[in-house]
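Okay, so here's the structure we're looking at.
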Amino acid sequence: MNAAMKTPLYARPAWSGILGCTLILAALPILNIAFPEGHLLHVSSYTVALIGKFMCYALAALALDLVWGYTGILSLGHGLFFALGGYAHGMYLMRAIGHDGVYQSDLPDFMVFLDWKSYPWYWSMTDNYWYCLALVVLVPGALAFVFGFFAFRSRIKGVYFSIITQAMTFAFMLLFFRNNTGFGGNNGFTDFKRILGYSVTAPSTRAVLYLITLAFLFGALVLCRWIVQSKLGRVLQAVRDSESRLMFIGYNPLGFKLFVWTLSAVLCGIAGALYVPQVGIINPSEMSPGNSIEMVVWAAVGGRGTLIGPIVGAFTVNGLKSWFTGAFPDLWLFALGAIFILVTLAMPQGILGLSRRWLGKKGAA
Amino acid sequence: MSKVLQPGQSYDSAPGDATAGFARIKPEGVDTLHGAILYLEEITVSFDGFKALNNLNLDISVGELRCIIGPNGAGKTTMMDVITGKTRPSSGTAFFGQSMDLSKMTEYAIAQAGIGRKFQRPTVFEQHTVFENLELAMKMDKRVKPSLFFRLSSEQKGRIDETLKLIRLNGMEQTPAGLLSHGQKQWLEIGMLLMQEPQLILLDEPVAGMSDAETARTAELLNELRGRHSIVVVEHDMGFVTEIAQQGKVTVLHEGSVLAEGTMQQVQQDERVIEVYLGR
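Protein sequences, first through last, are from chains A and B.
With this note's numbering, letter number 171 in the first sequence gets 171, and the count goes up by one each step, no holes.
So the number in this note's numbering is just where the residue sits in the second sequence, counting from 1, plus 365.
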């Protein structure tokens, strides 16, 4: 048998499942536009917006599990990278409002409010869409790289690392809450009008954003799968299981950890950038420690150490959250805590592990 | 002197030729032209005043199989820690070949330079299969990018298969290493060592917890490796040491320094050795 020489990314049944789900998800915005309200096949705009948001969360959870589930680095600060990607994209969206703000000024309303006369230096060129897209990748990537370099070089591991990431996102939240930081203080960015000249509220724009998000989620899944199936993926899992042993067979874990950590931050930043135009707001509460912890819950519920798991988990937990916050708004945090405890105690492999056991076979996902 | 061919040497520049020239180009990798592969000079390691190693002097020749014995706390494992970069000596020098100062190298740099170590407790990657364990250990470019784009060549596959046969785990390559028996894990770890193609192999109690049959098989395995690598074995099991040491040198450590050195027979007759260790 030559299994190690050429392994397909996924086995055939898993591929059909993934492609099937992708096609169904892709059909939703099209059904939303093609069929009028009240028609049997019509999908409400609310549903499309909700699923679009969930896909952003799923992408973030996928990115998180790449470092947590595969490499054993638990980040409690991935919300920061998500928010930074969102802010980077949001800067363009703010510039694109143009003179349509309340004060009809060249500057965004919050700057007029602060009595600023011109853009601060770090806002220069943000009217260029492609520059902002580059920032979406570069800002979370650079921050993660620098932070990771020093943390991993000092061999900070485990719970210490987690706490530092938590503290970092909290510090950034406080920074972004300040009005003088120049990112809209606690209101953040909102009231977007258009993106590349298209109205952000138009159903067709929303459909395109939705489909782009789906494409990124699918692409990220394939990319991550390719990475974890490569020898590098096996090195990452060896970092997770016995980092010191790995050093004694000649690997420097620093480069591997830095690579996966930075990649994860970039994917998370992209998720945030896709999230902002669909949800219509980004503010510092996205950086609150609670948000980052929630991401960890998504990955744990879906199945840590898998790639499909975090996606399933993000959809499940957020689906429940939408329902709960509608039906029993006060109880959601209790429910979230209960879910986390239940998953930790009863199904350590998450939903995916449970379904594998039920199917009685080793799934390909 | 052993005629083992080392990287950086070729048949026309055998050891011994070196004395003929006044100048020579610094060879790539380990410089073993003087016949020794490892020099430990006056190594001292102290932990909060306790000297785990005290002025230890030891050198290992190319192709030698050296057994190191000594009672618990004699500093055997600490010595391996110093050689592999896990512990930094408080004073003294540790050289690999003529030119590599081990006290200034990281663990992975030492491993890449050609020192492989088997730990006292078997440490394999339990979630990985036997095959993947060997593949991870295999000598190759172990940086990030080559790992991402790595494709196993048929020649490399062949080498893994060869090692699998040698450690008697063929047919089990797809088994997760965590499911192996204790003895099999020990062998897998020895197999991983071989995949690294080290010039110097350090074995810390390779037969601890093994059955008699497994111990005999391990001795056989080490005898096969004799001469192909320089090997340092730390072991408590006297029968095993007698078996593999043959006429080679045995070093007795006591309280962090060398107590006696010689063949097994000489060592066994040494009064001081009998006193501290053998004559219980």
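For glycine and all other residues, C-beta sits at the position ideal for the given N, C-alpha and C.
**Request:** Within the same chain, show all residues whose beta-carbon is closer than 7 Å to that of B:Glu-472, passing over the 5 residues directly before and after it, in chain order.
**Result:** Thr-449, Gly-450 and Lys-451
**Message:** Rounded to the nearest angstrom, what separates A:Phe-82 and B:Phe-514 at their Cα positions?
**Reply:** 28 Å
**Prompt:** Could one say the Cβ of A:Tyr-251 lies closer than 7 Å to chain B's Cβ atoms, at least one of them?
**Reply:** yes
**Request:** Provide the residue span of the alpha helix (DSSP H) that contains A:His-89, from first to last.
**Result:** 78-95
**Message:** I'd like the ranges of any alpha helix (DSSP H) spanning at least 4 consecutive residues and lying wholly in the stretch 454-513 of chain B.
**Reply:** 472-478, 495-502 and 509-513
**Request:** Classify A:Phe-113 as helix, strand or coil using the three-state DSSP reduction.
**Result:** helix
**Integer Cβ distance of B:Ile-532 from B:Trp-552, believed to fall under 8 Å** = 4 Å
**Item:** Separation of B:Ala-578 from B:Gln-549, as counted between CA atoms
**Value:** 12 Å
**Item:** Integer Cβ distance of A:Phe-177 from A:Asn-187, believed to fall under 8 Å
**Value:** Actually they do not touch by this definition, with Cβ atoms about 10 Å apart.
**Message:** Looking only at its chain, what residues have a beta carbon closer than 6 Å to the beta carbon of A:Ile-97, apart from the 5 residues adjacent to it on each side?
**Reply:** Lys-193
**Item:** Residues near A:Leu-50 in its chain [Cβ-Cβ closer than 8 Å; skip 5 each side]
**Value:** Ser-322
**Request:** Spell out a yes or no on whether the stretch 334-351 of chain A and the stretch 283-292 of chain A are touching, meaning 3 or more CB-CB pairs, one atom from each, closer than 8 Å.
**Result:** no
**Contact belief for A:Gln-278 with A:Arg-356 at Cβ below 8 Å, rounded distance in angstroms** = With 8 Å as the limit, A:Gln-278 and A:Arg-356 do not qualify as a contact, their Cβ atoms being about 32 Å apart.
**Message:** Between A:Ala-273, A:Cys-268, A:Ala-215 and A:His-99, which has its C-alpha nearest A:Val-112's C-alpha?
**Reply:** A:His-99
**Asked** Is the stretch 12-25 of chain A touching the stretch 235-244 of chain A, taking contact as three or more C-beta pairs under 8 Å?
**Response** no
**Prompt:** When the distance is taken between beta carbons, is B:Val-395 closer than 7 Å to B:Phe-496?
**Reply:** no
**Message:** Tell me which residue opens and which closes the alpha helix (DSSP H) that B:Lys-416 is part of.
**Reply:** Taken as a continuous stretch (DSSP letters only), B:Lys-416 belongs to no alpha helix (DSSP H), being part of the beta strand (DSSP E) at 415-426.
**Item:** Cutoff 7 Å: A:Phe-172 Cβ touching any chain B Cβ
**Value:** no
**Item:** Backbone secondary structure at A:Ile-156 - three-state DSSP
**Value:** coil
**Request:** For A:Ile-73, count neighbouring C-beta atoms within 10 Å of its own C-beta (all shown protein chains included) and say buried if the count is 16 or more, exposed if not.
**Result:** buried
**Complete runs of the beta strand (DSSP E) confined to the stretch 263-291 of chain A [at least 3 residues]** = none
**Prompt:** Is DSSP giving B:Thr-628 helix, strand or coil here?
**Reply:** coil
**Message:** Please report whether the beta-carbon of B:Thr-540 lies at a distance below 7 Å from any beta-carbon of chain A.
**Reply:** no
**Request:** Apply the 10 Å Cβ neighbour rule to A:Trp-261 and answer buried if 16 or more other Cβ atoms are within range, or exposed otherwise.
**Result:** buried
**Request:** Specify the secondary structure class of B:Gly-386 as computed by DSSP and reduced to three states.
**Result:** The predicted position of B:Gly-386 is uncertain, since its pLDDT is 46 and thus under 50; a value taken from the coordinates is nonetheless stated next. B:Gly-386 falls in the coil class under three-state DSSP.
**Prompt:** Is the stretch 533-541 of chain B touching the stretch 474-482 of chain B, taking contact as three or more C-beta pairs under 8 Å?
**Reply:** no
**Request:** Look at A:Gly-52 and A:Tyr-210 and say whether their C-beta atoms are less than 7 Å apart.
**Result:** yes
**Asked** If we cut at 7 Å on Cβ distances, does B:Glu-407 have a partner in chain A?
**Response** no
**Prompt:** Can you tell me the Cα-Cα spacing of B:Gly-438 and B:Lys-416, whole angstroms?
**Reply:** 10 Å
**Item:** B:Arg-533 (DSSP reduced to helix, strand or coil)
**Value:** coil
**Asked** Exposed or buried, what is B:Glu-520 when buried is set at 16 or more other beta-carbons lying within 10 Å of its beta-carbon?
**Response** exposed
**Request:** For B:Thr-488, go through chain E and note every residue whose CB falls closer than 9 Å to its CB, in chain order.
**Result:** In summary, chain E is missing from the structure at hand, where the protein chains are A and B.
**Item:** Residue environment, B:Asn-498, which counts as buried when at least 16 other CB atoms sit within 10 Å
**Value:** buried
**Message:** I want to verify the contact list: residues of chain A whose CB lies under 8 Å from the CB of B:Phe-515, in sequence order.
**Reply:** Ser-230, Lys-231 and Leu-232
**Message:** One question on the structure: do A:Phe-161 and A:Leu-254 come within less than 7 Å of each other, judged by their Cβ atoms?
**Reply:** no
**Request:** Please report how far the alpha carbon of B:Gly-386 lies from the alpha carbon of A:Ala-220, in whole angstroms.
**Result:** Summary for B:Gly-386: the model assigns pLDDT 46, below 50, so the residue's position carries little reliability, and this model does not support an answer.
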